[in-house]
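In order, the protein sequence lines correspond to chains X and L.
Just so you know, we're using the working numbering here: the first sequence kicks off at 907 and counts up by one.
Just so you know, we're using the working numbering here: the second sequence kicks off at 30 and counts up by one.
Report on the structure given below.
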Amino acid sequence: MRLRPIAAIALRQLYLMRSSPVRVLPMIAWVAVDIVLWGFIARYLNSVTATGINFTASLLGAVLFWDFFTRVMQGVTMAFFEDVWSRNFINVFASPLLISEYLSGLVLTGVTTSLVGLIVMLIIATMIFGLHFAALGLLLVPFLMVLFLFGIALGVLASAMVLRLGPASEWLVWPIPALLSPFVGVFYPLATLPSWMRHIGQLLPPSYVFEAMRSVVAGGGYSNAALALGVSLAAVYVLLAAWLFTVVYRYAVRSGLLARYSAESVS
Amino acid sequence: MPTPALKATRLCKRYGSLHAVDDVSFQVQHGEIVGLLGPNGAGKTTTINMVLGVLQPSSGSVEIEGIDIGRRRSEALAHTNFAAVYATLPGNLSVYQNLRFFGLLYDVAQLRARIELLLAQFDLLPLRDTRCGLLSSGEQTRLALAKALLNSPRLLLLDEPTASLDPSAADLIRGRIRAMASHGDCGILWTSHNMYEVEETCDRVLFVSHGKILLEGDPKTLPQHHGAASLEELFIRLAREPLADQRPAS
């Protein structure tokens, strides 16, 4: 893999954001609104309940982690959608760019844009609602690693889906995080779920993050093995997603889909 | 025998029972401009897409500078580039940003200097910060050609590069492309429906119809050899009455 073609994919997003602040706004605005909304809900719950649960840490922390995950995923897919929207497939894929370089460029874009959202969320959650995020200490590393890897995996998977089904399937991508959220127990323990949902949840890496986070916030311990399983699962999903994208790309080249997307633009 | 810029061998592309390209073989030498002619749906763009690696042949092979694109895709494509009416550059990036983006994709050395040179060569300096979506057809064509020359390709594919240009702008573009071929470093495969342009620009033409190459030869002498008054007349005749299984060299 060469660095310059990878940088090209990320640089294009930077150019687009620099020339159009409207593109930057959603990266900041939605996460900020989420944190403010859930911050006040947590503050209200703290004031009306006497359970001893720190809702600021458990609810707001969960929202922050979940929003970070969705931003990673959307960062990857948005970079891919730029090629869909600008009908740029043929220009990009007729270049010497390797698929691994293309995917790495999408990931680099996802990392950068999601970090912007994470920083904004941390500032608001810490300064306005007093969330002590750093109290999680070194646990933050595996937590963010799992969410980051799974976000990449889903972003690449969603891109493969659009490449296979066509630009019109874009609308299927946006609800994916919402569809997953009930299964991973963002706001409640997996034990709350019926058995079949719990089994699905156990296959989804973010479940391990939210379970561990709730336990730590409540003053309990966490399972290193469970966290390691979460990281491993997420890494496997990344490899599977990259493999699937490559398979779909090869199909698109064989069947003429890739060329057709560009040809359709002049019809 | 020197390695040709492009060697297509027995290329076929089938979609079910439809033979979009059917057993097509040809070469493009360095310093040569080869016209790929034929009616709409003849298989020209399908052929070009296979050469560009965005469409996999059902059978046959494509070699660019002797490198098989099916086996060493990235290495082969590093020697080529293209401009096509249906592959406009992203309209939300400026002229300079587009050239930088594609220059990095092609891993062009000394990219800044190369971009400045091409901006000057194609009269794009005043437009360097203009978004491509706001350019006129002629300006977009000049930019597409500048992008196509970023990596100093040994094989250049031009799919109707002058289709949306006025005669004056088209003449200037043809002059630049001829000058480039005359240096002898680059082979050019050119598709066009403008027979005057083809006669003036191409060293050799391939007539394609129904996915097959029907005729091949010098565009200046080919019409006489086949009893036609002009290349255009020959084109019309071939498009309406394909010559079955004929491919005589003129």
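Cβ coordinates follow ideal geometry from the N, Cα and C atoms, glycine included.
Model, not experiment: these values are computed from the prediction.
is_contact[residue i, chain L] using C-beta, thresh 9 Å
i, result
"X:ALA1000", "yes"
"X:PRO1048", "no"
"X:GLY981", "no"
"X:VAL1159", "yes"
"X:PRO927", "no"
"X:TYR1114", "no"
"X:PRO911", "yes"
"X:ALA914", "yes"
"X:GLY1127", "no"
"X:LEU917", "yes"
"X:LEU1014", "no"
"X:SER992", "yes"
"X:ILE941", "no"
Minimum C-alpha distance to residue i - residue among the options
i, options, result
"X:ALA948", "X:ALA935, X:MET933 and X:GLY967", "X:GLY967"
"X:SER1161", "X:GLY1072, X:LEU1099, X:THR976 and X:ARG993", "X:GLY1072"
"X:LEU1053", "X:LEU1069, X:ILE996, X:SER1101 and X:VAL1092", "X:VAL1092"
"X:ASP940", "X:PHE974, X:ALA1074 and X:GLY1043", "X:PHE974"
"L:GLY204", "L:SER181, L:LEU186, L:GLN126 and L:GLU226", "L:GLU226"
"X:LEU1145", "X:ALA1059, X:THR955 and X:TYR1128", "X:ALA1059"
"X:GLY945", "X:LEU1078, X:ALA1066, X:VAL1154 and X:ILE1030", "X:ILE1030"
"X:ALA1158", "X:LEU1055, X:ILE996 and X:LEU1044", "X:ILE996"
"X:ARG937", "X:VAL990, X:LEU970 and X:LEU1009", "The sequence given here has Val at residue 937 of chain X, not Arg. When only C-alpha atoms are compared, the closest one is X:LEU970."
"X:THR1152", "X:TRP991, X:LEU1042, X:SER1010 and X:SER953", "X:SER1010"
"L:GLU289", "L:GLN253, L:CYS231 and L:LEU243", "Residue 289 of chain L lies beyond the stretch modelled for chain L, which goes from 30 to 279, so this question has no answer here."
"X:GLY1057", "X:GLU1117, X:GLY958, X:PRO1111 and X:ALA1074", "X:PRO1111"
"X:MET1033", "X:GLY958, X:VAL1154, X:VAL942 and X:LEU1163", "X:VAL942"
"L:GLU71", "L:THR250, L:GLU262, L:ILE206 and L:HIS222", "The sequence given here has Ala at residue 71 of chain L, not Glu. Closest by alpha carbon: L:HIS222."
"L:GLY99", "L:HIS254, L:PRO68, L:GLY256 and L:GLY82", "L:GLY82"
"L:THR159", "X:TYR921, X:TYR1155, X:GLU1007 and X:ALA914", "X:TYR921"
"X:SER926", "L:CYS215, L:ASN69, L:LEU186 and L:ASN121", "L:ASN121"
"L:VAL137", "L:ASN110, L:ILE77 and L:ARG157", "L:ASN110"
"L:HIS48", "L:ALA107, L:VAL57 and L:VAL237", "L:VAL237"
"L:SER181", "L:ASP188, L:GLY213, L:GLY167 and L:ARG157", "L:GLY213"
"L:VAL80", "L:ALA149, L:PHE55, L:GLU261 and L:TYR115", "L:PHE55"
7 Å Cβ shell around residue i - same chain, five flanking residues per side excluded
i, result
"X:LEU1135", "TYR1114"
"L:ALA258", "PRO252"
"L:ARG266", "ALA257"
"L:THR32", "GLU94 and GLY95"
Sequence-distant residues of its chain with Cβ nearer than 8 Å to residue i (five each side left out)
i, result
"X:GLN919", "MET984, ALA985, GLU988, THR1015, THR1018 and THR1019"
"X:LEU1107", "The question names Leu, but residue 1107 of chain X is Gly in the sequence shown. Here the set comprises PHE1089, VAL1090, GLY1091, LEU1096, LEU1099 and SER1113."
"L:THR170", "ALA112, PRO190, THR191, SER193, LEU194, ALA198 and ILE202"
"L:ASP52", "ARG39, LEU40, CYS41, GLY89 and LYS241"
"X:GLY1195", "Beyond the ends of chain X as shown, which are 907 and 1173, falls residue 1195 of chain X; an answer cannot be given."
"L:LEU118", "ASN127, PHE131, CYS161, GLN169, LEU172, ALA173 and LYS176"
"L:ARG207", "ILE62 and THR230"
Cβ neighbours of residue i in the same chain (closer than 6 Å, five flanking residues each side left out)
i, result
"L:ALA199", "THR191"
"L:LEU140", "GLY132"
"L:ASP274", "Its pLDDT being 49, under 50, L:ASP274 is placed unreliably by the model, and nothing is read from it."
Closer than 9 Å to chain X by CB, residue i
i, result
"L:THR117", "yes"
"L:GLU261", "no"
"L:SER103", "yes"
"L:ALA258", "no"
"L:PHE131", "yes"
"L:PHE111", "yes"
"L:ASP136", "yes"
"L:THR74", "yes"
"L:GLY82", "yes"
"L:LEU185", "no"
"L:ARG266", "no"
"L:GLN17", "Any question about residue 17 of chain L goes unanswered here, given that chain L covers just 30 to 279."
"L:ARG160", "yes"
"L:ALA107", "yes"
"L:LEU147", "no"
"L:LEU154", "no"
"L:SER123", "yes"
"L:GLY89", "no"
Checklist entry - Mind listing which residues of the region 44-68 of chain L have their C-beta closer than 8 Å to chain X's C-betas, in chain order? => result TYR44
Checklist entry - What residues in the region 1066-1089 of chain X have a beta carbon less than 7 Å from any beta carbon of chain B? => result Among the chains of the structure shown, chain B does not appear; the protein chains present are X and L.
Checklist entry - In chain order, which continuous runs of the beta strand (DSSP E) of length 3 or greater are located wholly inside the region 181-264 of chain L? => result 184-188, 216-220, 233-238 and 241-246
Next on the checklist: Runs of 4 residues minimum, wholly inside the region 1069-1119 of chain X: which ones carry the alpha helix (DSSP H) assignment?
Outcome noted: 1082-1090 and 1101-1108
Item to check | Against chain X: residues of the region 192-220 of chain L by CB proximity under 7 Å | outcome: none
Checklist entry - Considering only residues of the region 78-155 of chain L, which uninterrupted alpha helix (DSSP H) runs meet the minimum length of 4 residues and lie entirely inside it, listed in chain order? => result 102-106, 124-134 and 140-150
Checklist entry - In the region 978-1015 of chain X, which residue ranges form an unbroken beta strand (DSSP E) of at least 3 residues, counting only runs that do not cross its ends? => result none
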